[in-house]
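J.: If you're matching them up, the sequences are chains Y and H in order.
Its first residue numbered 21, the first sequence is counted upward by one per residue in the working numbering.
Its first residue numbered 73, the second sequence is counted upward by one per residue in the working numbering.
For glycine and all other residues, C-beta sits at the position ideal for the given N, C-alpha and C.
Note that the coordinates shown come from a computational prediction; the quantities given were computed from them, not determined experimentally.
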Amino acid sequence: MKRTTRRKFAGFLFVLPGMMAYLVWTIYPILNGFYMSLFKWNLNPKIPNDFIGLENYIELFQDSQFYVALVNTIKYAIITVPFQMVLGLLVALLLNKGMKGQTLFRLLFYLPVITSWVVVSVLFQYLFATRGGIVNFILKDVFHLIKTDIKWLAQTSTAMIPIYVLGIWKGIGWTMLIFLAGLQSIPKQLYEAARIDGANSWKLFTKVTAPLLRPTFVFQLVMLTIGGFNVFLSVFIMTGGGPRNSTHVLNTYMFKEAFEYFHFGYGAAIAVVFFLMVFTISQLQRRFLKREPY
Amino acid sequence: MKKIITSIIIYNSLILGAVIMCFPFYYMIITSLKESAYIFTIPPQLVPDPATLKNYVSVWIEADFKLYFWNSVKITVPAVLLNVFLSSLTAYGFARFKFPGKELWFSILIATLAVPGLLLTIPQFDMVRRVKFLMDNPLTIMLTSGIGSVAFNAFFLRGFFEGIPVELEEAAELDGCNAFKTFWKVAMPMARPALATLVILSFMGVWDDYFWPSLILRERSQWTLPIGILGFRAQHSVQWHLLFAGTMIAILPVLVIYVVFQKYFVKTVAEGGLKL
Numbered sequence: 021m022k023r024t025t026r027r028k029f030a031g032f033l034f035v036l037p038g039m040m041a042y043l044v045w046t047i048y049p050i051l052n053g054f055y056m057s058l059f060k061w062n063l064n065p066k067i068p069n070d071f072i073g074l075e076n077y078i079e080l081f082q083d084s085q086f087y088v089a090l091v092n093t094i095k096y097a098i099i100t101v102p103f104q105m106v107l108g109l110l111v112a113l114l115l116n117k118g119m120k121g122q123t124l125f126r127l128l129f130y131l132p133v134i135t136s137w138v139v140v141s142v143l144f145q146y147l148f149a150t151r152g153g154i155v156n157f158i159l160k161d162v163f164h165l166i167k168t169d170i171k172w173l174a175q176t177s178t179a180m181i182p183i184y185v186l187g188i189w190k191g192i193g194w195t196m197l198i199f200l201a202g203l204q205s206i207p208k209q210l211y212e213a214a215r216i217d218g219a220n221s222w223k224l225f226t227k228v229t230a231p232l233l234r235p236t237f238v239f240q241l242v243m244l245t246i247g248g249f250n251v252f253l254s255v256f257i258m259t260g261g262g263p264r265n266s267t268h269v270l271n272t273y274m275f276k277e278a279f280e281y282f283h284f285g286y287g288a289a290i291a292v293v294f295f296l297m298v299f300t301i302s303q304l305q306r307r308f309l310k311r312e313p314y
Numbered sequence: 073m074k075k076i077i078t079s080i081i082i083y084n085s086l087i088l089g090a091v092i093m094c095f096p097f098y099y100m101i102i103t104s105l106k107e108s109a110y111i112f113t114i115p116p117q118l119v120p121d122p123a124t125l126k127n128y129v130s131v132w133i134e135a136d137f138k139l140y141f142w143n144s145v146k147i148t149v150p151a152v153l154l155n156v157f158l159s160s161l162t163a164y165g166f167a168r169f170k171f172p173g174k175e176l177w178f179s180i181l182i183a184t185l186a187v188p189g190l191l192l193t194i195p196q197f198d199m200v201r202r203v204k205f206l207m208d209n210p211l212t213i214m215l216t217s218g219i220g221s222v223a224f225n226a227f228f229l230r231g232f233f234e235g236i237p238v239e240l241e242e243a244a245e246l247d248g249c250n251a252f253k254t255f256w257k258v259a260m261p262m263a264r265p266a267l268a269t270l271v272i273l274s275f276m277g278v279w280d281d282y283f284w285p286s287l288i289l290r291e292r293s294q295w296t297l298p299i300g301i302l303g304f305r306a307q308h309s310v311q312w313h314l315l316f317a318g319t320m321i322a323i324l325p326v327l328v329i330y331v332v333f334q335k336y337f338v339k340t341v342a343e344g345g346l347k348l
């Protein structure tokens with residue numbers, strides 16, 4: 021066999037196992053997800069499923085519980101994304117001054133990122149406990165900001181707050197790291213030149229740092245928005261969608277429909293709508309924000 | 073003088089930030105060392121007195137965390153090995169060979185990266201539940217975690233393989249190595265930093281996974297740590313001292329792996345912009 025033919029064959033063999041696994045475990049389920057959303061899918065695999073066309077979608081768009089979940093998901097993204105970015109940038113700017121102990125600080129800020137959602141969600145549930153929770157203690161007994169304990173997770177008006185706080189707290193380490201890499205890639209000469217021209221620190225930030233970090237901003241905005249829409253375990257664990265179904269997000273609502281009520285077709289329809297939304301938003305953000313920085 | 077003041081301000085802000093970020097962990101650790109009477113005292117104890125390791129012994133033995141821990145290990149170790157091996161094979165194939173449809177396949181791979189896991193779960197579950205053997209079987213989780221995220225990993229590793237000078241591999245080939253041997257003996261050792269990162273990512277992904285295993289492993293004897301933690305919480309809702317001893321057991325292996333590989337990890341996350 022000629023060498024090129026042989027190498028073509030070898031290359032094919034290299035990717036074959038991975039691609040097979042990928043076809044069976046990713047491509048097929050994606051297509052099947054769209055397909056299932058058109059059926060009243062039966063719990064018993066032996067009974068044929070009823071084709072109902074777009075009925076799941078029609079029902080979905082009249083489902084008030086779906087809108088609650090949708091609004092909560094969007095609110096979660098709108099609230100947590102900017103906080104993660106601003107705070108992460110702030111820490112990165114401080115760390116970028118080249119002080120001693122950078123590695124240690126980086127590790128400490130990064131700890132929440134590498135801790136599993138299950139653990140931190142359980143932990144925050146304890147911190148935000150109504151009676152004897154440390155957050156209420158700090159607010160009431162240390163700073164005297166409130167008179168009575170707040171029932172954080174037990175009342176509709178405040179139940180989302182611990183979930184937002186957790187999302188922001190867990191995300192800062194990641195934005196910090198990405199901003200730090202972005203900051204370190206800015207050539208030092210630019211700052212020197214600007215300083216010679218008489219720019220102060222604020223000018224340096226707005227005229228040099230910020231424009232050069234633009235690609236980093238866009239990247240983070242897209243990734244964090246997608247991540248925000250995928251919020252799941254924190255809500256699932258801390259409130260379970262309650263009180264009175266007020267904190268459901270798309271993922272928990274999908275879980276409830278599919279794996280508690282076994283409405284697989286309906287759950288698949290939620291998943292499809294969710295996917296189309298995330299896809300559209302990330303495309304829009306890319307298009308509107310990814311202009312050349314100069 | 074002005075410089076000293078600035079650096080004091082910077083240090084103080086960083087320390088304040090780090091304290092806020094780490095306080096929840098500190099509070100979890102000390103709670104896991106408290107006796108049950110002290111978990112909801114006002115004011116809360118910030119140093120456990122008396123401190124005890126009893127809770128750890130108790131969850132490890134009585135609350136079956138020993139079982140969950142070994143279940144997690146038995147699933148995670150083979151899954152990570154399979155995942156890293158399969159991903160490197162695929163990435164190497166894309167990096168070093170030319171075959172028909174290569175770039176098309178690769179772009180499909182990338183296009184599906186943005187698909188949320190949610191869209192996959194229902195059809196995947198529907199596939200698994202049709203085969204009785206696969207339900208309540210840790211082998212299922214091992215396999216599905218092992219082949220999961222191959223798309224992302226291949227995308228991530230391809231660049232690293234392309235960055236290795238090709239001459240070494242050509243020399244190995246001239247010496248009579250076949251393609252697989254070249255890959256295994258030459259390319260893999262060179263890609264060690266990237267592989268180390270992949271091991272961490274893959275380990276955290278499998279070790280911490282709750283949702284998918286909880287759908288498949290319904291029998292208590294098969295539970296992994298995350299399922300065990302939430303199962304324990306559901307049963308003993310206010311036994312926080314015990315619960316946090318359990319979560320500490322779940323965190324420790326991740327922490328050890330992270331600290332050991334920190335050097336590679338931070339660098340690749342920053343450069344590649346990996347999202348966890």
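Below 7 Å on C-beta distance, what does T300/Y contact in chain H?
T.: On the first sequence, residue 300/Y is found 280 positions in, with the first residue counted as 1. Under the 7 Å cutoff, chain H gives no residues; its nearest Cβ is about 11 Å from T300/Y.
J.: Could you check whether the region 183-192 of chain Y touches the region 87-102 of chain Y, counting it as contact only if at least three pairs of C-beta atoms, one from each stretch, sit closer than 8 Å?
T.: Segments in contact, yes.
J.: Could you check if P65/Y is buried or exposed, using at least 16 other CB atoms within 10 Å of its CB as the buried criterion?
T.: The residue given as residue 65/Y occupies position 45 in the first sequence. So P65/Y ends up on the exposed side.
J.: Please classify R230/H as buried or exposed, where buried requires at least 16 neighbouring CB atoms within 10 angstroms.
T.: Residue numbering aside, residue 230/H sits at position 158 when the second sequence is read from its first letter. Classification for R230/H: buried.
J.: Does L88/H come out as helix, strand or coil in the three-state DSSP assignment?
T.: Here residue 88/H refers to the residue found at position 16 when the second sequence is read from its first residue. In the structure shown, L88/H sits in a helix (DSSP, three-state: H, G or I).
J.: Hey, could you find the ends of the alpha helix (DSSP H) P235/Y is sitting in?
T.: Position 215 of the first sequence, counted from the start, is the residue given in the question as residue 235/Y. From DSSP, the alpha helix (DSSP H) with P235/Y extends over R234 to F249.
J.: Rounding to the nearest angstrom, what Cα-Cα distance links T113/H and P120/H in this structure?
T.: Counting from one through the second sequence, the residue named residue 113/H turns up at place 41. Counting from one through the second sequence, the residue named residue 120/H turns up at place 48. Each residue's Cα considered, the two are about 11 Å apart.
J.: Taking the alpha-carbon positions, what's the T150/Y to L159/Y distance?
T.: Locating residue 150/Y in the first sequence gives position 130, where the first residue counts as 1. Locating residue 159/Y in the first sequence gives position 139, where the first residue counts as 1. Approximately 12 Å, taken between the alpha carbons.
J.: Would you say the region 219-235 of chain H touches the region 155-174 of chain H, given that touching needs at least three Cβ pairs under 8 Å?
T.: Flag = yes, the region 219-235 of chain H and the region 155-174 of chain H touch.
J.: Taking Cβ-Cβ distances shorter than 7 Å, what residues in chain H pair up with I94/Y?
T.: As a working note, residue 94/Y is residue 74 in the first sequence. In chain order: nothing, as chain H lies at least about 15 Å away.
J.: Looking at the C-beta of V222/H, does it have a partner C-beta in chain Y at a distance below 7 Å?
T.: On the second sequence, residue 222/H is found 150 positions in, with the first residue counted as 1. So, interface residue.
J.: Under 8 Å Cβ to Cβ from T124/H, same chain only, skipping five residues before and after it: list those, please.
T.: As a working mapping, residue 124/H is identified with position 52 in the second sequence. L105, K106 and E107, listed in sequence order.
J.: Which residues, in order along the region 160-192 of chain Y, keep a beta-carbon less than 8 Å from a beta-carbon of chain H?
T.: Cβ contacts with chain H: D161, W189 and I192.
J.: In chain H, what lies closer than 9 Å to G325/Y by C-beta?
T.: Given that chain Y is displayed from residue 21 to residue 314, the structure contains no residue 325/Y and the question cannot be resolved.
J.: Three or more C-beta pairs closer than 8 Å, one from the region 131-144 of chain Y and one from the region 239-257 of chain Y: is that the case here?
T.: Cβ pair count under 8 Å is three or more, so yes.
J.: Check whether chain H comes within 7 Å of W222/Y, counting only Cβ atoms and requiring the distance to be less than that.
T.: For the purposes of this step, residue 222/Y is taken as residue 202 along the first sequence, with counting starting at 1. No - not a single Cβ of chain H is within 7 Å of the one on W222/Y.
J.: My output table needs one value for K60/Y: the three-state DSSP class, helix, strand or coil.
T.: Your numbering for residue 60/Y matches position 40 in the first sequence. Reduced to three states, the DSSP call for K60/Y is strand.
J.: Does chain B have any CB closer than 7 Å to the CB of M297/Y?
T.: You won't find chain B in this structure, because its protein chains are Y and H.
J.: Given that a residue counts as buried once 16 or more other Cβ atoms are within 10 Å of its Cβ, and exposed if not, what is K223/Y?
T.: The residue you call residue 223/Y lines up with position 203 of the first sequence. Answer is exposed; the Cβ neighbour count stays below 16.
J.: How would you label M73/H, buried or exposed, when you count the other beta carbons within 10 angstroms and need 16 or more for buried?
T.: On the second sequence, position 1 is the one that residue 73/H refers to. Exposed.
J.: Taking the alpha helix (DSSP H) that G132/H belongs to, which residues open and close that run?
T.: Indexing the second sequence from 1 puts residue 132/H at position 60. Note on identity: in this sequence residue 132/H is Trp, with Gly being the wrong assignment. K126 to I133 is the extent of the alpha helix (DSSP H) around W132/H.
J.: What whole-angstrom Cβ distance do F59/Y and N69/Y have, given they're in contact under 8 Å?
T.: Stepping through the first sequence from its first residue, residue 59/Y is reached at position 39. Stepping through the first sequence from its first residue, residue 69/Y is reached at position 49. Yes, they are in contact, since the Cβ atoms of F59/Y and N69/Y sit about 4 Å apart, within 8 Å.
J.: Decide if Y98/H is buried, meaning its Cβ has at least 16 other Cβ atoms within 10 Å, or exposed.
T.: Position 26 of the second sequence, counting from 1, holds the residue named residue 98/H. The residue is exposed, with fewer than 16 neighbouring Cβ atoms inside 10 Å.
J.: Does the separation of the CB atoms of M274/Y and G287/Y fall below 7 Å?
T.: Along the first sequence, read from residue 1 onward, the residue named residue 274/Y stands at position 254. Along the first sequence, read from residue 1 onward, the residue named residue 287/Y stands at position 267. Contact: yes.
J.: Just verifying my parser: in three-state terms, what is the DSSP assignment at D198/H?
T.: Along the second sequence, read from residue 1 onward, the residue named residue 198/H stands at position 126. Of the three classes helix, strand and coil, the one that applies to D198/H here is helix, per DSSP.
J.: Examine chain H for any beta-carbon lying closer than 7 Å to the beta-carbon of A89/Y, and answer yes or no.
T.: Position 69 of the first sequence, counting from 1, holds the residue named residue 89/Y. It does not; no Cβ of chain H falls within 7 Å.
J.: Any heavy atom of the ligand HEM inside 6 Å of the beta-carbon of I92/H?
T.: The ligand HEM is not among the ligands present in this structure, which contains no ligands whatsoever.
J.: Excluding the 5 residues preceding and the 5 following V293/Y in the sequence, name in chain order all residues of the same chain whose CB lies nearer than 7 Å to its CB.
T.: Here residue 293/Y refers to the residue found at position 273 of the first sequence. Contacts found: L80.
J.: Reducing DSSP to helix, strand and coil, say where D136/H ends up.
T.: Taking the second sequence and counting its residues from 1, the one referred to as residue 136/H is at position 64. Three-state result, D136/H: coil.
J.: Got a sec: is the Cβ-Cβ distance from V138/Y to anything in chain H below 7 Å?
T.: Within the first sequence, numbered from 1, the residue matching residue 138/Y stands at position 118. Yes, contact with chain H.
J.: Go ahead and label T296/H buried or exposed: buried means 16 or more other beta carbons lie within 10 angstroms of its beta carbon, across all protein chains shown.
T.: Here residue 296/H corresponds to residue number 224 of the second sequence, with the count starting at 1. The residue in question, T296/H, is buried, as its Cβ has 16 or more Cβ neighbours within 10 Å.
J.: So with CB distances below 8 Å, who are the chain Y contacts of C94/H?
T.: One-based indexing of the second sequence puts residue 94/H at position 22. Under the 8 Å cutoff, chain Y gives L128 and L131.
J.: Compare the beta carbon distance of F335/Y and L113/Y with 7 Å and say whether it is the shorter of the two.
T.: Since the displayed chain Y opens at 21 and closes at 314, residue 335/Y lies outside it and no answer follows.
J.: Report the three-state DSSP secondary structure of D70/Y (helix, strand or coil).
T.: Position 50 of the first sequence holds residue 70/Y. Three-state result, D70/Y: strand.
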